[in-house]
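Participant: Here you go, one structure.
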Amino acid sequence: MPKTAAIAVLACLAATGFVTTGAGAQTSSEKVRDNPAAQYVLVKTVTGQSLGILKARALPVEAEGYNLLRYCWTPYNVLGEWGDRAGLTGEMVVRSLETLAWSRDLVRAGYPEKPTAEAIGRYEAALVEAKFANAARVRALDALRVELDGVRRQTPGAAVIHARYRCDQQATSLGLNFSTAPAGGDVRFIPYVLRQICQTQQLDADDTARCDYWLPARPDGPMSFAEETVYSVRWLDGTVGGGSFNPDEQRTTGTVTLRERPPQKK
Numbered sequence: 069m070p071k072t073a074a075i076a077v078l079a080c081l082a083a084t085g086f087v088t089t090g091a092g093a094q095t096s097s098e099k100v101r102d103n104p105a106a107q108y109v110l111v112k113t114v115t116g117q118s119l120g121i122l123k124a125r126a127l128p129v130e131a132e133g134y135n136l137l138r139y140c141w142t143p144y145n146v147l148g149e150w151g152d153r154a155g156l157t158g159e160m161v162v163r164s165l166e167t168l169a170w171s172r173d174l175v176r177a178g179y180p181e182k183p184t185a186e187a188i189g190r191y192e193a194a195l196v197e198a199k200f201a202n203a204a205r206v207r208a209l210d211a212l213r214v215e216l217d218g219v220r221r222q223t224p225g226a227a228v229i230h231a232r233y234r235c236d237q238q239a240t241s242l243g244l245n246f247s248t249a250p251a252g253g254d255v256r257f258i259p260y261v262l263r264q265i266c267q268t269q270q271l272d273a274d275d276t277a278r279c280d281y282w283l284p285a286r287p288d289g290p291m292s293f294a295e296e297t298v299y300s301v302r303w304l305d306g307t308v309g310g311g312s313f314n315p316d317e318q319r320t321t322g323t324v325t326l327r328e329r330p331p332q333k334k
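Here my numbering is used: the first residue of the sequence shown is 69, the next is one more, and so on.
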């Protein structure tokens with residue numbers, strides 16, 4: 069996360085009294101629920117470092133102005149199968165992507181960095197206070213649009229701001245089947261960004277009880293994979309292997325094949 073944005077988020081959260089200390093949380097999701105303010109800053113930092121989606125989805129400012137809802141960030145199109153499983157953590161990942169994109173795009177659209185970061189920080193503080201409830205986000209988004217419009221009036225050349233919902237126009241299938249070679253491997257998956265969050269929380273990211281976002285492979289149909297995904301396989305001989313894959317590279321065939329790797333020679 070850029071330093072200016074991080075300072076703005078922390079300042080707004082501290083001002084509203086929502087930076088607290090969690091007490092004895094054991095799992096990743098418990099840590100997030102126990103201390104949402106501090107964990108949101110952690111999640112936003114990890115998200116900015118982990119997902120190249122921000123760079124990939126950068127679009128030019130349109131002639132009619134900048135649409136705050138242009139990228140359609142949702143738990144499903146960011147995390148796929150884990151949209152529900154990740155709960156509050158998933159909402160934080162999505163809003164992190166949203167605000168990181170705003171910070172980048174609005175500067176390109178002519179907005180000064182500091183007041184823009186402060187306005188976005190107040191938006192984020194409102195979400196944390198309301199535990200990322202959708203109704204609160206609608207109100208916070210409207211307040212942000214009004215505040216940015218005030219900045220625009222003092223900044224010659226800055227683009228007009230609007231917020232037009234367009235997600236229904238962007239529905240895509242993220243489903244992929246999987247197989248193991250040899251057959252019979254017991255497989256679990258987790259989005260790379262969620263695994264990185266567990267590591268940054270100083271948890272064992274391969275402990276499926278504490279890093280509680282791992283999902284077992286579905287045996288009877290496809291699973292939805294959105295971004296880079298980490299997997300773990302227990303093979304029939306009892307050995308455990310793992311790795312990661314980019315689901316976009318598997319869309320043509322529609323199947324991810326996880327292969328047992330031969331032991332490395334010493």
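Backbone N, C-alpha and C define an ideal beta-carbon position, used for all residues, glycine too.
(1) Pick out the complete beta strand (DSSP E) segments inside the segment 156 to 233, 3 residues or longer, and give them in chain order.
(2) At which residues does the beta strand (DSSP E) containing residue 118 begin and terminate?
(3) Using a Cβ-Cβ cut-off of 7 Å (strictly less than) and excluding sequence neighbours within five positions of residue 248, which residues of its own chain qualify?
(4) Let me check one thing: in DSSP terms, what residues is residue 257 bridge-paired to?
(5) With 9 Å set as the bound, which would you pick, yes or no: does the beta-carbon of residue 215 sit closer than that to a beta-carbon of chain D?
(6) For the alpha helix (DSSP H) that residue 145 lies in, which residues bound it at each end?
(7) Go to residue 151, then tell me how far its alpha helix (DSSP H) extends in each direction, as first and last residue.
(8) Candidates 95, 103, 96: which alpha carbon is nearest residue 196's?
(9) Pairing CB atoms from the segment 216 to 230 with CB atoms from the segment 252 to 267, are three or more of them under 8 Å?
(10) Which partner residues does residue 244 have in the DSSP bridge list?
(11) Assess contact between the segment 310 to 324 and the segment 284 to 299, defined as three or more Cβ pairs (one per stretch) separated by less than 8 Å. Is contact present?
(12) Is it a yes or a no for the segment 147 to 156 touching the segment 268 to 288, going by three-plus beta-carbon pairs under 8 Å?
Facilitator: Concretely, from the data shown:
(1) Within the segment 156 to 233, complete beta strand (DSSP E) segments of at least 3 residues are not found at all.
(2) Premise fails: residue 118 lies in the alpha helix (DSSP H), 104 to 118, not in any beta strand (DSSP E).
(3) 255, 301, 326
(4) According to DSSP, which records beta bridges pairwise, residue 257 is partnered with 283, 299.
(5) In the displayed structure, chain D is absent; only one protein chain is listed.
(6) 143 to 147
(7) 150 to 153
(8) Selection 95, 103, 96 evaluated against residue 196 yields 103 as nearest (Cα-Cα).
(9) no
(10) Per DSSP, 291.
(11) yes
(12) yes
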